[in-house]
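Enquirer: Sequences listed follow chains Z and S, in order.
FYI, in my numbering the residues of the first sequence are 263 to 557.
FYI, in my numbering the residues of the second sequence are 13 to 952.
No residue lacks a Cβ here, since even glycine has one placed at the ideal position from N, Cα and C.
Supplied in structure tokens, the structure appears directly below.
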Amino acid sequence: MSTWQTYIIPTSIDEAIQALINAPGRACPIGGGSDLLLEIQQGHHPSVHTLVDVTRIPEMLRLEVSGGSLVIGAAVPVKIITESPLVQYHAKAVSEACGLIGGPQVRNTATLGGNVAHALPAADGMISLFAFDALVEIASPAGRRMQPIASLFKGPGQSSLDPQKEILVGFQLPLRQPGQSSAFSRVMRPQGVALPILNMAVWLERDGDVIQDIRIVYGPSGPVPSRAAKVEEIFRGNPPDEAVLRYAKHTIHESIRFRTSAMRATSAYRHHLSEVLLDEVIGKAWQRTFELEVA
Amino acid sequence: MNAQGMIHLMVNGQSYSLPEKPGEMLSDLLRYRLYLTGTKVACGEAECGACTVILNGEPVLSCTFPAAKSNGATVLTIEGLADVHHTSAADGSQIRLHPLQEAFIEHGAVQCGFCIPGQIMTSYALLERNPNPDDEQIKYALKDTLCRCAGYPSILNAIHAAAGTLRTGRPVAPPDIPSSSRAQNSVGTLRPRLDAVAKVTGKAIYTDDIHFEDMLHARVKRAGVPSAILKRLDVSQARRLPGVAAVLTAADIPGEHNHGLVIPDWPSLVGVGERVRTVGDALAIVAAETREIASHALHLMEVEFDLLPVIDDPVKAASPDANSIHPKGNLLKHIKVRKGDTEQGFAQAEIILEHVYHTPMHDHAFMEPECSIARLTPEGRMEIYVGSQIPYSDRNQVARALGVAEERVHIIGQLIGGGFGGKEDIAGQIHAALLANATGRPVKLLYDRQESLLTHPKRHATQIRVKVGAKKDGRLIAVETELYGDTGAYASLGEKVMTRATTHSSGPYEVPHVKADCYAMYTNNPPAGAFRGFGVMQSAFAVESLIDTLAEKLNIDPVELRRMNALKVGSLTNTGQTLRESVGLMECIDRVDQEMRRLGGNNPFKPRLVEGEPHRVRAWGFAVGYKNTGLGGGAPDKAGAEVELRRDGTFQVRSSSAELGQGLPTVLQLIAAEELNQSPQRVDVLLMDTDLTPDGGPTTASRQTFVTGNAVRHAARALRQLLTSEVAEKYDIPPQEVRFIEGLVQVNGHKVSLAELAEEVISNGRQPLASYTYWAPATRPLGQGGDMHFAFSFAAQAAEVEVNTLTGEVQVMRMIIANDVGTAINPLGLRGQIEGGAIMGIGHALTENFIVEQGKVITDRLARYRMPSITFTPEIVPIVVEHPVAEGPFGAKGVGEIVLIPTIPAITNAVYNAVGVRIDRIPIDQEKILLTLKEKTHAV
């Protein structure tokens with residue numbers, strides 16, 4: 263009845279994949295384990311024989327600019343991501359989101375890879391990556407592949423990763439160019455389950471007085487995370503002024519179905535908050551496009 | 013790759029190599045293999061921070077950190093902290109403390125102590141990175157390190173003080189807490205707790221920290237369904253599981269099958285063919301070589317039920333066609349209060365208001381989950397190691413279940429990691445004893461957080477209708493209340509809790525005509541029982557909300573309205589008791605009012621927009637409350653205590669009364685020191701042992717300072733007389749010439765040390781010991797008039813809230829709190845009670861909601877039952893009002909509950925003042941506020 267039988271700490275991706283494949287029972291990669299271990303203990307995750315700890319694989323601990331991208335290893339503790347000047351410069355929304363995951367102690371062990379692999383529809387870190395159209399690097403016995411983050415999700419709590427043989431290695435985000443910026447925020451409820459009622463991440467590119475390009479994502483906005491494409495359309499080529507924001511809010515109502523979840527929020531309240539967050543997060547990101555921070 | 017099988021790690025500077033164990037967390041390794049039990053596990057689900065240790069320089073939660081992962085790591089636990097840095101002990105003692113440890117002691121940041129190792133280790137990590145943090149930075153770092161005693165303001169102060177010492181090398185700055193206005197030599201002065209050093213160093217022993225050779229680990233099979241007949245129970249597979257020592261069912265109970273504090277209606281184990289009344293009902297118990305084996309055995313038990321309809325609401329339970337949960341029906345008690353003639357009263361009234369309010373169940377969420385260890389001594393007596401609020405009741409109930417005489421059971425009380433009323437009923441005591449009895453081996457039964465949430469009695473959920481009638485000038489003429497209380501599946505203290513709710517339901521006001529009816533109902537929900545405030549929290553929320561509405565309708569200042577009707581000396585309460593003394597309500601009102609207007613201007617109830625953020629609106633709210641001290645209602649209320657002069661010249665005070673973190677030992681220490689004219693450090697205190705300490709009665713109803721305090725006072729006086737007469741006889745002088753000074757007795761020119769005196773008494777064949785049983789003034793049952801209670805505490809509170817009108821979110825910014833406590837015997841402990849009560853009240857107002865649907869517990873994890881973290885801490889202005897009670901020890905009365913009672917309506921009244929949304933159901937629902945505001949805007 264133990265949470266696991268064998269705990270393996272490999273130091274390379276290949277070793278890790280071998281450990282997964284060779285496990286005599288169900289195997290699963292583990293990062294900080296802050297969600298996974300509790301889910302196993304509480305019976306929300308099938309019991310596991312072998313846990314393969316990926317937090318000592320140097321490749322998965324990378325946090326650097328490489329090959330024209332910001333590379334964030336899947337096993338980097340979210341506290342490191344929060345405080346990283348590189349992430350703060352290139353992907354402020356990711357830094358903001360990571361600073362809100364769990365509590366201070368949890369952030370010392372929780373990883374962005376775990377936050378994404380868990381595939382919850384409103385995980386803060388994961389939602390922030392959506393605003394960057396992040397690419398996910400996956401290692402499997404067949405080799406490496408890159409796939410867009412959106413292609414990773416099959417349903418609530420279900421990712422397309424095969425934990426018996428695949429490992430999420432890390433994320434690649436585009437580097438910040440002049441005029442670009444991002445922001446993240448959320449609204450919590452002080453009672454009940456520890457998930458946000460609604461969170462929101464925005465990436466945008468300013469050209470003069472108008473938004474040249476924008477990516478918007480709300481969580482939760484469906485069984486799997488997705489961009490608010492219709493709302494983005496409203497902003498492209500327009501300034502984020504009151505009229506455009508009003509039209510965008512109207513479009514949120516037309517295009518996104520927020521659901522009612524017992525003990526968290528009604529659909530009506532989520533819709534209202536989506537408007538409040540729109541003002542706040544777009545405002546914050548827009549303001550940041552004028553700031554010239556040095557990487 | 014890790015050489016499979018071994019963990020090499022460095023803990024507190026020492027290296028260890030240990031074989032890996034499947035499923036082992038770092039906290040298990042530290043606690044159960046290295047016996048470093050200073051690291052506590054309070055939730056096991058990465059929620060509360062109690063288990064925080066420093067791993068490679070960073071704070072991590074050891075309860076969910078795989079031990080195998082710590083291979084190669086360097087770990088620092090609370091036990092190793094003083095070796096990192098320590099101050100030279102000011103008192104010349106050999107105890108080395110880190111400045112944080114010293115500051116936590118000095119500032120009274122330590123109460124029950126269970127969270128303290130986590131608090132200190134988290135703070136240590138913060139100060140390593142940031143030597144001079146501000147309040148916001150401390151709150152950010154400690155956000156998930158929870159304290160249910162909620163000494164958060166003191167924790168903040170302690171961290172600032174420790175940071176100062178670490179930066180400058182100067183001694184830890186003392187707290188800014190005044191002595192009592194009625195201070196004597198010891199009573200009323202600031203005194204650190206007796207157990208503080210042990211609690212800040214990790215040496216304090218709670219039940220789960222105890223280990224016996226050959227000890228078995230127990231677990232309980234719970235019903236999991238709220239209402240059913242147990243049709244079949246097959247434990248044969250579980251019994252055959254290797255490592256299982258015993259599986260017991262109802263048929264194996266040698267004595268009485270039911271237990272209960274007042275009514276024995278709670279089966280220790282539900283037998284086949286018997287009734288399951290709530291999800292936490294126990295069906296079978298198992299003891300095994302390890303906890304894992306015991307848990308596995310639970311899964312091998314086969315259970316079948318015939319399901320019955322579920323009654324999940326006290327109003328439904330009262331319906332005539334509702335299924336009967338107990339043979340006598342669903343009504344536990346109909347409680348009535350009558351004064352004057354309300355019909356006539358409402359006829360005279362010029363305004364009548366009526367409203368219905370709801371409060372949910374609350375969980376105590378004490379940090380230490382229940383744990384009992386039972387052990388048969390070689391002489392065949394049953395020892396129970398447990399943190400319990402009523403040790404003698406445990407003894408009685410365990411003896412009945414075992415079918416033995418009470419003297420065959422010995423309760424050895426351990427430190428309690430918080431209780432708040434939730435450790436009055438039997439938890440695992442009987443189960444552990446049954447298993448120890450059956451196996452002959454020591455048995456530990458430790459609840460995990462889920463089991464704790466599922467089983468121990470909650471705060472009663474209530475529905476309360478209040479109707480008030482008043483004159484246009486604000487004078488209250490009539491109050492009528494109707495209460496439904498959900499006592500859940502078993503009586504526990506339900507009748508008494510709901511009686512208190514009822515008698516206090518018209519508020520601390522003199523009202524000529526009162527009628528109150530309460531229906532305490534059984535349901536299939538988890539049982540409800542004692543919880544700080546004891547029913548009065550619920551009725552205070554209802555009546556104080558409607559009083560504010562009345563003030564608004566009459567256009568009278570809400571403080572003025574309360575002043576006009578407040579109880580005072582000479583008032584006749586709604587139960588027909590004339591208050592003859594110690595009614596400090598008016599002073600509480602006046603002083604809070606004055607401070608509120610100093611901070612909030614002349615119209616503190618008017619909404620104010622935050623500058624630059626017009627969507628944030630602030631306003632103050634005001635409320636008052638009162639709460640009885642002691643059992644009252646005709647119940648004999650007594651406590652026994654003894655005081656002994658030991659051979660080394662120090663004194664020991666003994667009583668079975670319980671210390672849950674509230675600071676009773678300091679109260680008793682100060683009282684004894686005062687009576688014996690010694691400094692407090694010459695007095696120590698032993699509590700909670702049914703062999704060694706006389707019965708102090710239950711630790712409930714804010715009674716211990718008064719009742720056991722008086723017992724100690726009288727016992728100390730008696731001892732002083734005994735010693736005086738000894739000396740007077742020896743030197744042949746009148747007793748009045750014998751003087752007690754520090755460590756000595758002085759007789760004319762002679763000085764006799766107390767140690768010598770002790771020897772002398774003993775050599776004369778006597779014991780330097782005095783016992784006393786104190787009987788509190790008699791009270792009368794409800795309905796008979798006269799003194800229903802021998803004392804009341806009073807309070808007024810003001811809260812300033814900020815409402816975010818974009819999201820509906822509410823934050824409490826500032827609180828002003830005045831409590832009339834008679835005399836502040838222990839001002840440091842009192843501060844902890846005031847702060848902790850207010851923050852628990854904030855929790856009840858904003859975050860806490862124990863949710864049960866169709867009898868099933870939804871909030872079955874700490875992650876779902878949210879208690880306030882340090883981020884909820886407002887600025888608190890505490891005001892101590894001291895209107896002494898003649899009969900109280902040095903004038904003192906109870907304080908443990910009153911601190912919480914006006915908090916919730918002060919907050920909800922403030923929300924109304926800020927945004928015009930009346931909260932009639934707690935916790936405050938930010939969504940409801942927002943959607944109501946939106947409707948209002950549309951209406952305009």
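So does the segment 454-473 of chain S actually touch the segment 418-437 of chain S, counting three or more Cβ pairs closer than 8 Å?
Expert: yes
Enquirer: Would you mind listing the beta strand (DSSP E) stretches within the segment 441-524 of chain Z that are 3+ residues and don't spill past its ends, in chain order?
Expert: Segments of the beta strand (DSSP E) lying fully in the segment 441-524 of chain Z: 442-449, 460-469 and 472-481.
Enquirer: Kindly say whether A951 (chain S), judged by its beta-carbon, lies nearer than 8 Å to any beta-carbon of chain Z.
Expert: Closer than 8 Å: no.
Enquirer: Go through its chain and collect everything with a Cβ distance to Y786 (chain S)'s Cβ below 7 Å, but skip five positions before and after it.
Expert: Answer for Y786 (chain S): K650, A651, V719, N722, A723 and H726, listed in chain order.
Enquirer: Measuring only between beta-carbons, confirm whether W266 (chain Z) sits less than 8 Å from chain S.
Expert: yes
Enquirer: Please list, in chain order, the chain S residues whose beta carbon lies closer than 8 Å to that of G305 (chain Z).
Expert: Those within 8 Å of G305 (chain Z) in chain S number zero; the least Cβ separation is about 11 Å.
Enquirer: Determine the burial state of T64 (chain S): buried for a count of at least 16 other Cβ atoms within 10 Å of its Cβ, exposed for fewer.
Expert: buried
Enquirer: Whose CA, out of Z:V314, Z:G329 and Z:V333, lies closest to the CA of L323 (chain Z)?
Expert: Z:V333
Enquirer: Using C-beta distances below 6 Å, list every residue in its chain close to A670 (chain S), excluding the 5 sequence neighbours before and after it, in chain order.
Expert: Q401, M700 and T711
Enquirer: In the DSSP output, which residue or residues are listed as bridge partners for L242 (chain S)?
Expert: S:F317
Enquirer: Could you say which of S:A54, S:A473 and S:G415 lies nearest to L446 (chain S) if we only look at CA atoms?
Expert: Comparing alpha-carbon positions, the option among S:A54, S:A473 and S:G415 lying closest to L446 (chain S) turns out to be S:G415.
Enquirer: Looking at the secondary structure, which residues open and close the beta strand (DSSP E) in which T64 (chain S) lies?
Expert: T64 to L67
Enquirer: Taking Cβ positions only, does E304 (chain S) come closer than 8 Å to chain Z?
Expert: yes
Enquirer: Quick one: residues in its chain with C-beta nearer than 7 Å to the C-beta of S193 (chain S), no 5 flanking neighbours on either side, listed in chain order?
Expert: E894
Enquirer: Span of the alpha helix (DSSP H) holding M379 (chain S)?
Expert: Element bounds for M379 (chain S): n/a, residue is neither H nor E.
Enquirer: To the nearest angstrom, how far is it from the Cα of V556 (chain Z) to the Cα of E399 (chain Z)?
Expert: In this prediction, V556 (chain Z) scores a pLDDT of 47, lower than 50, which makes its location untrustworthy; the coordinate-derived value is nonetheless stated afterwards. One C-alpha to the other measures close to 28 Å.
Enquirer: Check whether the Cβ atoms of I851 (chain S) and N831 (chain S) sit closer than 8 Å, and answer yes or no.
Expert: no
Enquirer: Is E32 (chain S) near A80 (chain S), with beta carbons less than 8 Å apart?
Expert: yes
Enquirer: Helix or strand or just coil, what does DSSP make of L704 (chain S)?
Expert: The answer is coil: DSSP assigns L704 (chain S) none of H, G, I, E or B.
Enquirer: Please confirm whether D276 (chain Z) has its beta-carbon closer than 8 Å to some beta-carbon of chain S.
Expert: No, its Cβ sits nowhere closer than 8 Å to a Cβ of chain S.
Enquirer: Please classify Q681 (chain S): is it buried, with 16 or more other beta-carbons within 10 angstroms of its beta-carbon, or exposed?
Expert: buried
Enquirer: For P347 (chain Z), is the classification buried or exposed, using 16 other Cβ atoms within 10 angstroms of its Cβ as the cut-off for buried?
Expert: exposed
Enquirer: Output needed for C565 (chain Z): all residues of its chain with C-beta closer than 6 Å, excluding positions within five of it in sequence on either side, in chain order.
Expert: Look at the range of chain Z in this structure, 263 to 557, and you will see that residue 565 (chain Z) is not part of it.
Enquirer: Identify whether S27 (chain S) lies in helix, strand or coil by the three-state DSSP scheme.
Expert: Reduced to three states, the DSSP call for S27 (chain S) is strand.
Enquirer: If we ignore side chains and look at the alpha-carbon of each, how far apart do L228 (chain S) and L253 (chain S) end up?
Expert: 14 Å
Enquirer: Determine, using beta carbons only, whether E939 (chain S) comes closer than 8 Å to chain Z.
Expert: yes
Enquirer: Per DSSP, what kind of secondary structure is Y269 (chain Z) in: helix, strand or coil?
Expert: strand
Enquirer: Are there 16 or more other CB atoms within 10 angstroms of the CB of V274 (chain S), so buried, or fewer, so exposed?
Expert: exposed
Enquirer: How many angstroms separate the CA atom of L313 (chain Z) from the CA atom of H380 (chain Z)?
Expert: 15 Å
Enquirer: Counting only the same chain and skipping the five closest in sequence on each side, list residues whose C-beta sits under 6 Å from that of Q420 (chain Z).
Expert: A381
Enquirer: Under 8 Å, Cβ to Cβ, is there at least one residue of chain S near I271 (chain Z)?
Expert: yes
Enquirer: Expressed to the nearest angstrom, what Euclidean distance is found between the alpha-carbon atoms of L397 (chain Z) and I411 (chain Z)?
Expert: 6 Å
Enquirer: Check whether the Cβ atoms of E814 (chain S) and V622 (chain S) lie closer than 8 Å to each other.
Expert: yes
Enquirer: I want to verify the contact list: residues of chain Z whose CB lies under 7 Å from the CB of L818 (chain S), in sequence order.
Expert: V538
Enquirer: Who are the Cβ neighbours of E224 (chain Z) in its own chain at under 6 Å, not counting the five residues just before and after it?
Expert: Residue 224 (chain Z) cannot be examined here, being either before or after the span of chain Z that is shown, 263 to 557.
Enquirer: Using the Cα positions of E395 (chain S) and K354 (chain Z), report the straight-line distance between them to the nearest angstrom.
Expert: Between E395 (chain S) and K354 (chain Z), the C-alpha separation is close to 60 Å.
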